[in-house]
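Line order of the protein sequences matches chains L and F.
Counting from 22, one number per residue, gives the positions in the first sequence under this note's numbering.
Counting from 22, one number per residue, gives the positions in the second sequence under this note's numbering.
Backbone N, C-alpha and C define an ideal beta-carbon position, used for all residues, glycine too.
Down below is the structure, laid out as structure tokens.
2 protein chains.
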Amino acid sequence: MSITVVGTMAFDAIETPFDKTDKIVGGSATYVAYAASNFLKPVQQISIVGYDFPLEELNDLKSRGVATEGVEIIADKKSFFWSGKYHLDMNTRDTLVTDLNVLADFNPRVPVSYQGCDFLMLGNLVPAIQRSVIEQFTKRPKLIVLDTMNFWIETAWEDLKNVFTMVDVLLVNDSEARQISGEVSLVKAAKKILTMGPKFLIVKKGEHGALLFHENNVFFAPALPLEDVFDPTGAGDTFAGGFIGYLAKTEDISFENMKTAIIVGSAMASFCVEKFGVQRLKEISKEDIDERLQQFVQLVNFDIALV
Amino acid sequence: MSITVVGTMAFDAIETPFDKTDKIVGGSATYVAYAASNFLKPVQQISIVGYDFPLEELNDLKSRGVATEGVEIIADKKSFFWSGKYHLDMNTRDTLVTDLNVLADFNPRVPVSYQGCDFLMLGNLVPAIQRSVIEQFTKRPKLIVLDTMNFWIETAWEDLKNVFTMVDVLLVNDSEARQISGEVSLVKAAKKILTMGPKFLIVKKGEHGALLFHENNVFFAPALPLEDVFDPTGAGDTFAGGFIGYLAKTEDISFENMKTAIIVGSAMASFCVEKFGVQRLKEISKEDIDERLQQFVQLVNFDIALV
Numbered sequence: 022m023s024i025t026v027v028g029t030m031a032f033d034a035i036e037t038p039f040d041k042t043d044k045i046v047g048g049s050a051t052y053v054a055y056a057a058s059n060f061l062k063p064v065q066q067i068s069i070v071g072y073d074f075p076l077e078e079l080n081d082l083k084s085r086g087v088a089t090e091g092v093e094i095i096a097d098k099k100s101f102f103w104s105g106k107y108h109l110d111m112n113t114r115d116t117l118v119t120d121l122n123v124l125a126d127f128n129p130r131v132p133v134s135y136q137g138c139d140f141l142m143l144g145n146l147v148p149a150i151q152r153s154v155i156e157q158f159t160k161r162p163k164l165i166v167l168d169t170m171n172f173w174i175e176t177a178w179e180d181l182k183n184v185f186t187m188v189d190v191l192l193v194n195d196s197e198a199r200q201i202s203g204e205v206s207l208v209k210a211a212k213k214i215l216t217m218g219p220k221f222l223i224v225k226k227g228e229h230g231a232l233l234f235h236e237n238n239v240f241f242a243p244a245l246p247l248e249d250v251f252d253p254t255g256a257g258d259t260f261a262g263g264f265i266g267y268l269a270k271t272e273d274i275s276f277e278n279m280k281t282a283i284i285v286g287s288a289m290a291s292f293c294v295e296k297f298g299v300q301r302l303k304e305i306s307k308e309d310i311d312e313r314l315q316q317f318v319q320l321v322n323f324d325i326a327l328v
Numbered sequence: 022m023s024i025t026v027v028g029t030m031a032f033d034a035i036e037t038p039f040d041k042t043d044k045i046v047g048g049s050a051t052y053v054a055y056a057a058s059n060f061l062k063p064v065q066q067i068s069i070v071g072y073d074f075p076l077e078e079l080n081d082l083k084s085r086g087v088a089t090e091g092v093e094i095i096a097d098k099k100s101f102f103w104s105g106k107y108h109l110d111m112n113t114r115d116t117l118v119t120d121l122n123v124l125a126d127f128n129p130r131v132p133v134s135y136q137g138c139d140f141l142m143l144g145n146l147v148p149a150i151q152r153s154v155i156e157q158f159t160k161r162p163k164l165i166v167l168d169t170m171n172f173w174i175e176t177a178w179e180d181l182k183n184v185f186t187m188v189d190v191l192l193v194n195d196s197e198a199r200q201i202s203g204e205v206s207l208v209k210a211a212k213k214i215l216t217m218g219p220k221f222l223i224v225k226k227g228e229h230g231a232l233l234f235h236e237n238n239v240f241f242a243p244a245l246p247l248e249d250v251f252d253p254t255g256a257g258d259t260f261a262g263g264f265i266g267y268l269a270k271t272e273d274i275s276f277e278n279m280k281t282a283i284i285v286g287s288a289m290a291s292f293c294v295e296k297f298g299v300q301r302l303k304e305i306s307k308e309d310i311d312e313r314l315q316q317f318v319q320l321v322n323f324d325i326a327l328v
């Protein structure tokens, strides 16, 4: 069993109401890999970086069981760079800088050694690139999870709709679900989106948790109430990594098992926001994860027998 | 076992993005009574109405086991009237009209027949009136639940703080919890508020569910994802009625049982928003409630054994 992840590996500079960083390592595929590698190895990475990306970061990932054969290194260009500033509520942010750099030429090739993978995580990228990755697999992965964002809904809608028909799980936030469907009610939005291709829809609501829709079923996973949210960057990708990592580990893609996978994703995301970048994800142990999962059990567990 | 409820019985005129009503029956004590009377009788009502309040409404409540001896009827004044208009998100609203009418003279007296009650629900009112009701009980109720709002936090803070020291459970929404504590983080807000008197704090987050804090424990109850929210008016009071009704029925005020009580409150609130005013609450049966509670079990239930 293996997971293939496609996405960015990049530098971020982040400013929150409480602190700020210079350039630190980020990118969707980085967060997914740090989260998923707690559950399954290998996590097969497909990405692109420039000459400035620290080799020690790639080695860190390798030591966690992340395969980096699919990470292209461009000798004469810089890595993708994003800079953003969070508002006081930590739910909204302004982008200050987006330097595409190597990402402008990203045309990922799936290494032969990655063929036969069962779980494919398509991080937020140009829809045409996401499609190209799917099409390069000679055997369709058992489960394909797609992330996207408002930018592609607005600028590459036809391509995106086409990718919808090729995936199993779509992962968006609440405003993107409303944008895709034209519905204010998330229940109505989900019904529409589930006719567009994906059999499962996950709607991320940040500090308000996440919803999983499948046929006429719905499941809700809360976010863990935290004293401090230090840096929300990468929380969605970390959620995705925990989700797909747990599914791959358990080799069970039923709705019932996806419920647990979403709780695992929420638990991983709750670590991510505790420090800048991937720092907290590098520190945590299996015991930390188990303990946090028990907190989720306590958070939502109730006894209805008496009603 | 009995519940005493203090609050308004009133007329509302409501406008939503989808529909509007003329004057219909509303008021916090009305919603609490409709919800709580599904679980326990008698619900002992303390309120004030004018000559225009429909007797058939009082009779409807009586037929559900609501005692109305404590409802004062003023022969020469009109009932309290509120009119509001909801925004497109259905989470925020503008008040169009507030006619206090009889409420300007509300000085509630606890009837002798209500003495000895174990559960007291103090609906949103002037804090000094809430205190006066507590003080009229010769034996302190086993559990006192307090609702309040931003207006009293801003205009009667000293009185409100004093009432905090007399109650067991405080029920506020997220922005009120932040306002009371001066903390953005709800976890930090809860820690502060739990030093101010209440042993339990419930933070209502509307469509995003509710949190229960007690000592170092936290529990989260989701709102049921609905296709349509028709009218949110009274949802918070209906939640309170389900909560205290269930606690009174089970005669158990432990944290564990409060978890279930909050799910019951959320289930009752999910009915409330399906039609204007108390209409839906009048229609539902024991079977409807049981079925909805099962939906909540499905909504949050997961199996963590395999992680």
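is_contact[residue i, chain L] using C-beta, thresh 7 Å
i              : result
F241 (chain F) : yes
V188 (chain F) : no
V321 (chain F) : yes
H235 (chain F) : no
I265 (chain F) : no
I223 (chain F) : no
L314 (chain F) : yes
I284 (chain F) : yes
Three-way DSSP call (helix, strand, coil) for residue i in this model
i              : result
H235 (chain L) : strand
A96 (chain L)  : coil
L327 (chain L) : Residue placement at L327 (chain L) is flagged as unreliable, the pLDDT there being 48, under the threshold of 50; a coordinate-derived value is accordingly withheld.
I227 (chain L) : Note that residue 227 (chain L) is Gly in the sequence shown, not Ile. Of the three classes helix, strand and coil, the one that applies to G227 (chain L) here is helix, per DSSP.
S306 (chain L) : coil
I155 (chain F) : helix
T252 (chain L) : Rather than Thr, the amino acid found at residue 252 (chain L) in this sequence is Asp. Here D252 (chain L) sits in coil by DSSP.
R161 (chain L) : coil
M279 (chain L) : helix
Residue j beta carbon less than 7 Å from that of residue i
i              : j              : result
F276 (chain L) : N322 (chain L) : no
G28 (chain L)  : A50 (chain L)  : yes
S68 (chain F)  : M30 (chain F)  : yes
F234 (chain L) : A198 (chain L) : no
H190 (chain L) : P148 (chain L) : The sequence shown places Val at residue 190 (chain L), not His. Not in contact: V190 (chain L) and P148 (chain L) (Cβ atoms no closer than 7 Å).
Q66 (chain F)  : V87 (chain F)  : yes
V294 (chain F) : A256 (chain F) : yes
I174 (chain F) : Q200 (chain F) : yes
V64 (chain F)  : I94 (chain F)  : no
N122 (chain L) : K98 (chain L)  : yes
L117 (chain L) : G105 (chain L) : yes
E90 (chain L)  : P129 (chain L) : no
Closer than 7 Å at the beta carbon, the chain L residues around residue i
i              : result
D249 (chain F) : S206
L232 (chain F) : P246
Alpha-carbon to alpha-carbon, residue j and residue i
i              : j              : result
S100 (chain F) : D258 (chain F) : 19 Å
L181 (chain F) : F260 (chain F) : 22 Å
F221 (chain F) : L167 (chain F) : 10 Å
F297 (chain L) : S206 (chain F) : 18 Å
L314 (chain L) : I284 (chain L) : 8 Å
L61 (chain F)  : D249 (chain F) : 29 Å
I305 (chain F) : V53 (chain L)  : 46 Å
E228 (chain F) : I35 (chain F)  : 19 Å
M289 (chain F) : V318 (chain F) : 14 Å
A231 (chain L) : G286 (chain L) : 10 Å
C138 (chain L) : G262 (chain L) : 16 Å
L327 (chain L) : N278 (chain F) : Here L327 (chain L) scores only 48 on pLDDT, less than 50, and its place in the model is too uncertain to base an answer on.
Partner residues on chain L for residue i, Cβ-Cβ distance less than 9 Å
i              : result
D324 (chain F) : E277, N278, K280 and T281
K209 (chain F) : E248 and D249
Min CB distance residue i to chain F below 7 Å
i              : result
V318 (chain L) : yes
I150 (chain L) : no
I69 (chain L)  : no
D40 (chain L)  : no
Interface partners of residue i on chain F, CB under 7 Å
i              : result
H108 (chain L) : Residues of chain F passing the Cβ test: none, with the nearest at roughly 11 Å.
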